[in-house]
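Residue numbers (the working numbering): 106 to 604.
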Ligand SMILES: Cc1cc2nc3c(=O)[nH]c(=O)nc-3n(C[C@H](O)[C@H](O)[C@H](O)COP(=O)(O)OP(=O)(O)OC[C@H]3O[C@@H](n4cnc5c(N)ncnc54)[C@H](O)[C@@H]3O)c2cc1C
């Protein structure tokens, strides 16, 4: 701590834990008691439970994120990624979205970079698959589904139509189930505007390695969900693993093979790889070892919570840790902020204890499943509960009002079924117009075509931090202060064994 300066609190990641912790600190810190810096590659926090509804077009994508600079106006927000932490020296290594990497000194650390998709070495997965954790991914998948419907409707080639209209989701936790259910519902609805297509032309496939889906709800409700989705024509392939996705040709361990142009990977999460570039203690799954007080185990002035942390679950037996869920993340953030304040004021700190309340999931418009505090609901009532619950949870009054407005408008107007896929490269047509006839086409800046020299180079910041390229331009990764460690597998929220 610099002499005469208030302590500097560094929050790594502006997601659930980071944003809620910073917000609470900002509200409760006394004048001059401490300063807070949040480092986050995105300019917003994502309310992930709304991603399936954003993908289905029920919610405007901007309304499922919370702008950090507006909400955290009492904190300093740095747009960039932390690439390593040397807590012994109280320094974090920052790769800003723009500009040169630099060091950031702090006194108190809050480590909460969350998790990344847990993938497996399946041929073709990295080339053909996409995750479902960010707004960019949700909107890309929505655009792709509609674009593929456009392509199929404009073609008479049966093979092309079949391939374009086959949508595969791998992993049946609530992210995967909600995503396939919402998107299938949207596509079925959209079929009304495609005289050349009928819902039976589409093939929606869910592949899950374990014997059940939605492990977050009771087995009976999981079975109900499976039957509901099968009834809608979604092929639910449980106890099935994917062997290959090379060239978009899906090979299952059941021996079945087919082609698909859309492959979504929702098979669980693992601790953020950044953690391997720190001197913080990790468990065998690569998560930060935490105490029930949300302190990093055995380390002074370091706190952690959320998907990246192994937090003891005091409501369960010895060795149990809290599941990676928003339900825990939000509550942990509150305890974490209060404990930092208590520690600053030399007051006693409190342990985190919350019994998992259950889950609500939307399965498309007016369809859902809920299992909360032992109360089991299906269909309409569950869907209503899903919406009411998440409306009460989405941060800020502004977002609540906008989400409510989106839902209200959708009662009166049909949802939009337009694909704005060209957003991925908005300058494409202008580049083509500005290229003289006969001259070679100009590649998009930053594209592989423009940077052949980058091939074979060591991983840059985007890979080092697990961020997708949508999170900002790739800057050089700072040399790590601690030896890289290998993260072991984590489970999905609720603990699905994975495809
Ligand atoms: C589609 C979907 C639906 C879900 N639905 C539910 C639900 O209904 N109920 C429920 O309880 N849970 C749900 N979850 C899980 C829940 O969203 C997560 O458990 C929760 O977001 C974890 O919070 P976190 O703060 O640990 O991580 P996050 O919210 O992911 O925040 C981590 C932040 O760190 C940032 N970051 C990453 N790398 C760096 C870096 N190097 N430097 C700085 N910042 C970095 C990220 O950009 C991110 O903003 C869902 C998840 C998904 C994907």
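Yeah, the Cβ is synthetic: ideal placement off N, Cα and C, and Gly gets one too.
Within the segment 126–172, the runs of alpha helix (DSSP H) at least 4 residues long that lie entirely inside it are, in chain order, 156–160. Here DSSP, grouped into helix, strand and coil, assigns residue 330 to helix.
One Cα belongs to residue 380, the other to residue 339, and the distance between them is close to 38 Å. Remark: the shortest separation between the CB of residue 147 and any heavy atom of ligand 1 falls under 7 Å. Looking at the DSSP output, residue 400 sits in a beta bridge with 408. Nearest to residue 118 by C-alpha distance, out of 242, 429, 258 and 183, is 183. Between residue 408 and the set 448, 257 and 539, the nearest pair of CA atoms involves 448. Taking a contact to require three or more Cβ pairs closer than 8 Å, the segment 452–469 and the segment 420–436 qualify as touching. For residue 460, the secondary structure class from DSSP, reduced to helix, strand or coil, is coil. In this structure residue 378 is buried. Its beta-carbon is surrounded by 16 or more other beta-carbon atoms within 10 angstroms. In this chain, residue 191 is not harboured by any alpha helix (DSSP H); it is covered by the beta strand (DSSP E) spanning 181–191. Within 10 angstroms of the beta-carbon of residue 223 lie 16 or more other beta-carbons, which makes it buried. Assigned with DSSP and collapsed to three states, residue 435 falls in helix. Here DSSP, grouped into helix, strand and coil, assigns residue 340 to strand.
Here residue 133 is exposed, its C-beta having fewer than 16 other C-beta atoms within 10 Å. The residues 254, 257, 258 and 296, in chain order, have a CB closer than 7 Å to that of residue 302 in the same chain once the five nearest residues on each side in sequence are set aside. Excluding sequence positions up to five before and after residue 233, its CB lies within less than 7 Å of the CB of 350, 353 and 368, all in the same chain and listed in chain order. Boundaries for residue 348: no alpha helix (DSSP H) harbours it, while the beta strand (DSSP E) harbouring it runs 347–349, taken from the DSSP string. Taking a contact to require three or more Cβ pairs closer than 8 Å, the segment 436–451 and the segment 303–312 do not qualify as touching.
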